[in-house]
Structure formats: structure tokens, C-alpha cells
Amino acid sequence: MNKVLAEIIAGVIPHKMTRNRWRGILRYGLLNAVRLRNRIRNDHTVPRHYLSVCAIAKNEGPYFKEWIEWHLRQGVGRFYIYDNESTDDTKKILDPYIQAGIVEYRYWPGYRRQLAAYDDCLENNRFSSRWIAFIDLDEFIVPVRDKSISEFLAGFESFAAVEINWLIYGSGGQKTKTPGTMMERFRFHSAPEHYLNRHVKSIVDPRRVFTMIGCHEAAKISGRIADSHGQPVKKNFRDREPQQDIIRINHYAVRSYEEFIEKQARGRASGTQTSVKSEYFDRYDLNDIEETRP
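Residue 427 in the working numbering is what sits at position 154 of the sequence shown, and the numbering runs on without skipping anything.
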């Protein structure tokens, strides 16, 4: 079913979470959904990877090494990278990881191709990864209580997905790009309760979700979706207070002003275009609290 028709049908459902789930199912296709349920019921393949990450990126070459190395230390075993027409050295930087079998690389051209990349990742890796996290290159999953993301997920295996809140990091007043990693350079973040931190990203069990609903939520096949405290989600993420005490996503939304302008000028892999004017930067340049430890 095409996206427009799915939006029309789902739009008549009053409950937000139910509406979003059906939006994902209808976009996936009802016949496809029935076939997928039957396929999952009959396939007992043991996943090769416990935790993988899927991301689509455009001209993010300078940021890949830190992002990959961080998540490798946190228990990620495989990265599914969709390259949306990068013209920088993304492929060169990724080559050692590709050769090592850590990164599975796909050139993914076109406009507004983020959801198509997520759909492709799920269809091709439902039985090879136990969990798949869908995040961007400016997002780092940071376990607070546990030693790794994998250790955190061990307590969530009865769930279809886990939704993890942002903690937005601002520019810290930096105008230009300076040497060092993002985690070293940007140490000021928003107040944890800030409403923008209600946004989540999802780590999903690919055998129990049809597809992603946008870049934040998953349309589940079966089971329940949990928040980071292990409680079943009963409200849309926009209607819940953010949680960052167990696990969080450091979201480096703007970086320095120079890097922000560069990113806006080259376009976003999601296809969304944000003005190079300061509205977005001002909204996300949140520097309320200085981080006191690395």
C-alpha cells in the first residue's frame, strides 16, 4: 500500500500509538505482513550477531571512526551502513572495517531514502541479528548503569523493541571545527528534562517488527515495546518524560556552528531540509550543564 493511502487510513484512528503502529503496517503492506509472520514462525535460524547498528549517512566521513569505535566497545558486532551519495572520503574511511567484516556497506542513492534503507536493512537481516539499533552518525548510545549496550539488552529479550531517549549536546559556544572527537569537544548538554529529550531512537528485535515508523519508532509484529526502565510503553514518546539514568543517546545535534552550516549545505540523508538560518541551531544548541567526566 502506498504511503499516502496508509496515512489516510491510519489517520482515522484516534489513539496515537495504535495509529502509528497501523501506519507502519499499512506502509509495509497487509499481504506482506501476513507472509512475514508466516516466514518468522517457520524460521529458527540462530542470529550470527547479537547487536547490530543500521545508519544512513551523507558526507559524514570524518565522524565514522569515532562513532564505530565507540559502539564496538559497547558490544556492537556489525554495522549496516547506507551511503546516500557521499562525495567525501566515506568509502575510504570505511574500507578497513568493510575488509574486517565489521561494516556491510551499500551505496544508496536518491532523495528521501532513509526509511527505504531501514526497510532494506530489516528485510535482509531479520535472521542474522538478534537486535538492530537505528541511529544516526551524530548519535552515540551510552549505557549508564551497565558495562555495555549488550549487557543492557540482555534484560529486554522478551520485548519487541526498546526506546531510548536523547540527551542533546550543544556547541558549547564553539564557532569553528577544532581537532578531537565529538565526545571530547562537546561537553555541554541540555537539562535532562528538556522537552526535546523526549525524542527516542529504537533498538529492535527484527523478528518482531514489521518496519520503522519514521526514524524513531517501530511497528511491532508481536510482543511489547519497552522504555529504558523496562516498562511497557503505553504513551507516545512525545507524551512521556525522558529517561537517561539507565541508558541514553548522546545526540550531538549541531556540533560547532561551522559544522552545522556545512551539514545543512550538503543536505541530509533523510531528505529533510532545514534552513541554514539559525532557527534549528538556536533550538538545539542547548548548553545547560557541563559534563564533568569523559
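We put the beta carbon where it would ideally sit given N, CA and C, even for glycine.
If I measure Cβ to Cβ from residue i and keep anything under 6 Å in the same chain, skipping five residues before and after, which residues do I get?
{"i": "C327", "result": "Y353, C394, I405, F407"}
{"i": "G443", "result": "F461, D558, L559, N560"}
{"i": "T484", "result": "G297, Y301, D392, A492"}
{"i": "E333", "result": "L410"}
{"i": "R403", "result": "P320, Y323"}
{"i": "I562", "result": "H462"}
{"i": "T318", "result": "F400"}
{"i": "S431", "result": "none"}
{"i": "E412", "result": "I522, H524"}
When the Cα atoms are used, what is the spatial distance from residue i to residue j?
{"i": "Q516", "j": "I437", "result": "8 Å"}
{"i": "L303", "j": "V482", "result": "14 Å"}
{"i": "Q347", "j": "I422", "result": "5 Å"}
{"i": "L309", "j": "H502", "result": "30 Å"}
{"i": "S325", "j": "E552", "result": "34 Å"}
{"i": "G350", "j": "E377", "result": "11 Å"}
{"i": "S495", "j": "A434", "result": "10 Å"}
{"i": "V307", "j": "M455", "result": "44 Å"}
{"i": "D362", "j": "P335", "result": "8 Å"}
{"i": "N305", "j": "S463", "result": "42 Å"}
{"i": "P320", "j": "F429", "result": "16 Å"}
{"i": "E514", "j": "L469", "result": "10 Å"}
{"i": "W439", "j": "A526", "result": "10 Å"}
{"i": "M274", "j": "C488", "result": "A caution first: M274 carries a pLDDT of 49, below 50, which makes its placement in the model unreliable, though a value can still be read off. When rounded, the distance between both Cα atoms is 19 Å."}
{"i": "K414", "j": "D316", "result": "Sequence check: residue 414 is Ile here, not Lys. I414 and D316: Cα-Cα distance of roughly 30 Å."}
{"i": "A373", "j": "D419", "result": "27 Å"}
{"i": "I375", "j": "G446", "result": "35 Å"}
{"i": "T547", "j": "R314", "result": "Because T547 sits at a pLDDT of 49, beneath the cut-off of 50, its placement in the model cannot be relied upon, and the following sentence gives the value as read from the coordinates. One C-alpha to the other measures close to 43 Å."}
{"i": "K364", "j": "A389", "result": "20 Å"}
{"i": "K536", "j": "E396", "result": "30 Å"}
{"i": "S475", "j": "E490", "result": "6 Å"}
{"i": "R556", "j": "P465", "result": "15 Å"}
{"i": "A427", "j": "Q504", "result": "15 Å"}
In the DSSP assignment, the alpha helix (DSSP H) including residue i goes from what residue to what residue?
{"i": "A427", "result": "Segment: none, A427 is in no alpha helix (DSSP H) and carries neither H nor E."}
{"i": "Y336", "result": "334-346"}
{"i": "P369", "result": "363-372"}
{"i": "A433", "result": "Element bounds for A433: n/a, residue is neither H nor E."}
{"i": "T291", "result": "289-301"}
{"i": "Y553", "result": "552-557"}
{"i": "R321", "result": "Looking at the DSSP string, R321 is not in any alpha helix (DSSP H), and its letter there is neither H nor E."}
{"i": "R460", "result": "Element bounds for R460: n/a, residue is neither H nor E."}
What would DSSP say about residue i, mapped onto helix, strand or coil?
{"i": "I354", "result": "strand"}
{"i": "I328", "result": "Contrary to the premise, residue 328 reads as Ala rather than Ile in this sequence. Residue state, collapsed to three classes: strand."}
{"i": "V307", "result": "helix"}
{"i": "M274", "result": "For M274, the pLDDT reaches just 49, beneath the cut-off of 50, and the residue's location in the model is therefore unreliable, leaving the point undetermined."}
{"i": "I313", "result": "helix"}
{"i": "R539", "result": "helix"}
{"i": "A491", "result": "strand"}
{"i": "L410", "result": "coil"}
{"i": "A390", "result": "helix"}
{"i": "N470", "result": "helix"}
{"i": "R511", "result": "helix"}
{"i": "E564", "result": "coil"}
{"i": "I534", "result": "helix"}
{"i": "R521", "result": "strand"}
In the DSSP assignment, find the beta strand (DSSP E) that holds residue i and state where it starts and stops.
{"i": "R403", "result": "402-407"}
{"i": "R379", "result": "376-380"}
{"i": "T241", "result": "Residue 241 lies beyond the residue range present for the chain, which begins at 274 and ends at 567; the question has no answer from this structure."}
For residue i, I'd like the list of residues in its chain whose CB is within less than 8 Å of its CB, leaving aside the five on either flank, ordered along the chain.
{"i": "P382", "result": "N357, E358"}
{"i": "W343", "result": "F413, M456"}
Can you list, in chain order, the residues of its chain whose CB lies under 7 Å from that of residue i, leaving out five sequence neighbours each side?
{"i": "Y380", "result": "D356"}
{"i": "I486", "result": "N293, R296, G297, A492"}
{"i": "E532", "result": "K450"}
{"i": "V506", "result": "E436, I498, A499, D500"}
{"i": "D518", "result": "V417"}
{"i": "S529", "result": "S444, Q447, K448, T449, K450"}
{"i": "R289", "result": "The amino acid at residue 289 is misidentified as Arg; the sequence shows Lys. Only N509 meet the Cβ criterion."}
{"i": "L367", "result": "F337, I354, V376, Y378"}
{"i": "R511", "result": "R471"}
Return no unless some Cβ of chain B is closer than 8 Å to the Cβ of residue i.
{"i": "G348", "result": "The displayed structure is made up of one protein chain only, and chain B is not part of it."}
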